[in-house]
Amino acid sequence: MLPLLMAAYGGPAQRAVADGAGSEGLDLRVAVDTRPGTEATSPGIRVGRPLVKTYRLINRTGADLYDVRVNDPGLPDADIRCPGGGDHLPMLRGLDSATCTAWATARPGTWIADVTAVGRIPSLGTESRAAARSGYAGVGGHLELTETVTTGAGTPDRFLTLGRATVFYDVTNTGDRTVFDLRLTDPVLQPPAIVCASGGDVVPSLEPGGSARCVATVERLPGWYLSEGKVTGSDRLKTLRPDGCPEWPPLLKAHATGEFELHEPPPPPPPPAPLP
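Here the sequence shown is numbered in the working numbering, starting from 237 and rising by one per residue.
In structure tokens:
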């Protein structure tokens with residue numbers, strides 16, 4: 237009986253078959269910021285923040301897998317690193333597992349795709365493949381601010397010659413979440429007031445793609461002046477950190493500058509000549 241047993245279980249190829257090796261022996265589990273599958277789409281990851289994506293590769297067979305590689309179209313240009321520091325696993329032993337990791341920066345929009353992994357089984361001349369759907373949503377409000385300035389003659393004064401400047405502050409929400417309590421300031425120019433549609437220096441809310449204009453008027457002596465508008469707000473949105481914990485909404489900011497010159501107004505016209 238001994239030679240018969242050796243014939244049934246001794247050869248490498250026969251061992252691989254007996255251990256269940258085949259094209260479906262590889263298992264893949266993907267997580268983004270510790271959230272499995274597509275769970276990182278809600279609440280999402282703030283645009284511009286770092287994210288960590290993990291790919292757990294499980295060899296459910298007794299046959300060793302070679303040259304195991306991961307392809308993730310949902311994370312373009314990502315730097316995937318596996319144990320040993322390379323971009324792939326040279327070998328994943330039978331009934332063993334390993335985790336590869338990718339680091340990236342969250343982009344705007346929803347990024348969901350089918351991640352694939354493949355490894356070779358030389359003893360069978362075939363490959364083992366696995367796929368898993370995963371992704372995240374890059375979210376958050378984002379503010380942009382621009383300035384334009386118009387100048388003209390100021391209010392007549394008996395002792396001073398003043399020029400007038402009107403500063404227009406245009407704020408736009410270029411993100412995908414509403415921003416609330418937008419407050420305008422200009423600490424450099426220090427106008428007496430900044431007036432928005434609400435009547436004060438606050439825009440109550442600004443939807444994605446929306447814009448609002450606030451205006452300030454100053455009267456100063458002739459010369460060069462600098463304006464530096466600043467706006468702050470919050471989208472009140474908690475997002476995911478790489479460790480899976482919630483990240484509290486930051487204070488969103490934007491600023492813009494404008495330089496202008498106030499000229500001395502022309503002298504008044506001479507009085508008309510007296511009638512003869």
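Each residue gets a CB set at the ideal place from its N, CA and C atoms; glycine is no exception.
Since the model is a prediction, treat every value here as computed from it, not as a measurement.
What separation, rounded to the nearest whole angstrom, lies between the Cα atoms of T337 and C318? Computed Cα separation, rounded: 6 Å.
DSSP bridge partner residues for I294 (one or two, in chain order): D263, S333
Whole angstroms are fine: how far does the CA of P312 sit from the CA of V306? 12 Å
Helix, strand or coil at D269 [DSSP, three-state]: In this structure, D269 counts as coil in the three-state DSSP scheme.
Buried or exposed: where does L420 fall if 16 or more other Cβ atoms within 10 Å of its Cβ makes it buried? Buried, because 16 or more other Cβ atoms sit within 10 Å of the Cβ of L420.
Assuming P482 contacts L473 under a Cβ cut-off of 8 Å, what Cβ separation, rounded to an integer in Å, is found between them? Incorrect: roughly 10 Å between the Cβ atoms, too far for contact.
Return yes when the Cβ of Y405 is within less than 8 Å of the Cβ of E383, no when it is not. yes
Using three-state DSSP, classify H499 as helix, strand or coil. coil
Measure the C-alpha to C-alpha separation of I357 and P279 and round it to an integer number of angstroms. Approximately 40 Å, taken between the alpha carbons.
With three or more beta-carbon pairs closer than 8 Å as the criterion, would you say the stretch 441-458 touches the stretch 487-495? Judged by Cβ distances under 8 Å, the stretch 441-458 makes no contact with the stretch 487-495, as fewer than three pairs qualify.
V415 versus L476 - alpha carbon distance: 18 Å
Inter-residue Cα distance where the pair is G330 and G261: 10 Å
Between the Cα of A349 and those of V266, P501, I281, T397, spot the shortest distance and give me the residue it belongs to. Minimum Cα-Cα distance from A349 among the listed residues V266, P501, I281, T397 corresponds to V266.
Inter-residue spacing [alpha-carbon to alpha-carbon] between L293 and D263: 6 Å
Return the residue from the list P427, D437, H499 that minimises the CA-CA distance to E464. Across the set P427, D437, H499, the C-alpha of P427 shows the shortest separation from the C-alpha of E464.
What's the call for T341, buried or exposed, on a 16-neighbour Cβ count within 10 Å? exposed
How many angstroms separate the CA atom of T274 from the CA atom of G355? 24 Å
Pull up the distance between the alpha-carbon of A314 and that of W339, whole angstroms please. 6 Å
Less than 8 Å between the CB atoms is what I'm expecting for D479 and T270, so what's the real figure, rounded? 7 Å
Report all residues from its chain with a CB closer than 6 Å to the CB of T335; omit the five preceding and five following residues, and keep chain order. Around T335: T290, R292.
Under DSSP, the beta strand (DSSP E) around D417 begins and ends at which residues? 415-421
Buried or exposed, going by whether 16 or more other CB atoms sit within 10 Å of the CB of L498? L498 comes out buried.
Kindly indicate which three-state DSSP category I430 falls into: helix, strand or coil? It is coil, neither helix nor strand.
Does the Cβ of G321 have 16 or more other Cβ atoms within 10 Å, making it buried, or fewer, making it exposed? G321 should be labelled exposed.
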